[in-house]
Ligand SMILES: [Zn+2]
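In the numbering used here, the protein residues as written are 841 to 1208.
In structure tokens, the structure reads:
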């Protein structure tokens, strides 16, 4: 096996020396290619490489995908799922542990992979080719989202709380990815007073985000602009008591409510008694998937969420959208597997915001 690989490498180098006409490789993610290859090899026409030796794939991740097979659409829609409680009885704002597990399983089996809200907003989507990113969020900092219990004299995470379920699922399916944003308010996020710091530390250390949900869950649409800023700034002040250098990245609007018109800007950034906040993303309550961060309609200050519920969703719950994407697969974000390129059907080009694309290379293909 090793000898075969070596032989292929030799062939590779020989090919590189022989071929004089060079085309730029489509994928340029050199940091990820496993073996170090010489610059001469890097400019070899990729098509030739793949035709000559399929094994080249194991030598370098800079391999072209079959557009018609993968059908990437990196301008498609992404679901940001909104959860509240995880508890024994299913209700409008509560998922049972069994149903939450089923949601994760269903997403996993239907080609979804979890990314953080931060990576979504920063357009740093690294899921494998052919897969669709999905973001998970929890509002209100409830005990059943993150609960420590005593077991045989030691403290463990309740296997039926949201964090317990996600950790367990990730152990079984590490390729699913692991991330979620928890939008908490004060004074006692997750409702175990003496364990707040421990929980915050765990969340940050394990790739979760702690977000702003107001100081005491105020309705930001019904208070003065000073009170709006006070509510949002005091949430940050409170989080900082537990986490050094805490920087709040995003806000989930309590009740989905916000000040109107030009006053909306206060949910994005503001200041109260010297404490500033600057949310890079603001999440609403309802009710549809978000457009891609490459899309000209992308607005991080007004991101819609899909309710992860099966009750009273009025056709806009998680399973409704899954059915919708099954019928309309062309609407779904499908990754090309390379975070440095944006692969889209050519008819999507007019919906791209070049500024959001940053310095990524856009690749188009004809839909068939
Ligand atoms: Zn809430």
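Quick reminder that beta carbons are idealized off the backbone N, C-alpha and C, glycines included.
- In the DSSP assignment, residue 1159 falls within the alpha helix (DSSP H) that extends over 1158–1167.
- Contact annotation, residue 1080 with residue 1089: C-beta distance approximately 14 Å; criterion of less than 8 Å not satisfied.
- Under the three-state reduction of DSSP output, residue 941 falls in the helix class.
- With three or more CB-CB distances shorter than 8 Å, the region 1167–1186 counts as touching the region 908–922.
- Residue 1135 has its Cβ no nearer than 7 Å to any heavy atom of ligand 1.
- Note: residue 1022 is bridge-paired with 978 and 1050 in the DSSP secondary-structure output.
- CA-CA distance, residue 1200 to residue 992, rounds to 52 Å.
- In this structure the region 974–988 lies against the region 917–933, because at least three pairs of beta carbons, one per stretch, are closer than 8 Å.
- DSSP places residue 1110 within a strand segment (E or B) once states are collapsed to three.
- Taking the Cα positions, residue 948 is about 40 Å away from residue 1070.
- In the DSSP assignment, the residues bridged to residue 1135 are 1192.
- For the options 1004, 1145, 1169 and 1112, the alpha carbon positioned closest to that of residue 975 is the one of 1145.
- Close to ligand 1, as judged by a C-beta nearer than 6 Å to any of its heavy atoms, are the residues 979, 980, 1053, 1057 and 1094, in chain order.
- For residue 946, the secondary structure class from DSSP, reduced to helix, strand or coil, is helix.
- An exposed status is given to residue 1047, since fewer than 16 other beta-carbon atoms sit within 10 Å of its beta-carbon.
- In terms of Cβ geometry, residue 1065 and residue 1118 do not form a close pair [threshold 8 Å].
- Per DSSP, reduced to three states, the secondary structure at residue 996 is strand.
- Listed in chain order, the non-local C-beta contacts of residue 1043 below 8 Å within the same chain comprise 986, 1003, 1022, 1049 and 1050, local neighbours out to five positions each way being set aside.
- Take residue 931, set aside five residues on each side of it, and the residues of its chain with a beta-carbon closer than 8 Å to its own are 925 and 1151, in chain order.
- The C-beta separation of residue 978 from residue 1020 comes to about 6 Å, placing the pair in contact by the 8 Å criterion.
- Ranked by Cα distance from residue 1072, the first of 1083, 1098, 1084 and 1034 is 1098.
- Counting along the chain, the unbroken alpha helix (DSSP H) around residue 1076 starts and ends at 1065–1082.
- Per DSSP, the beta bridge partners of residue 1118 are 1109.
- Secondary structure note for residue 1002: it is in no beta strand (DSSP E), and the uninterrupted alpha helix (DSSP H) holding it is 1002–1012.
- Listed in chain order, the non-local C-beta contacts of residue 1193 below 6 Å within the same chain comprise 1136, local neighbours out to five positions each way being set aside.
- Judged by beta-carbon spacing, residue 1026 lies within the 8 Å limit of residue 1075, meaning their Cβ atoms are closer than that value.
- In terms of Cβ geometry, residue 1120 and residue 1140 form a close pair [threshold 8 Å].
- For residue 908, the enclosing alpha helix (DSSP H) stretches over residues 907–910.
- Boundaries of the beta strand (DSSP E) harbouring residue 1183: 1181–1185, taken from the DSSP string.
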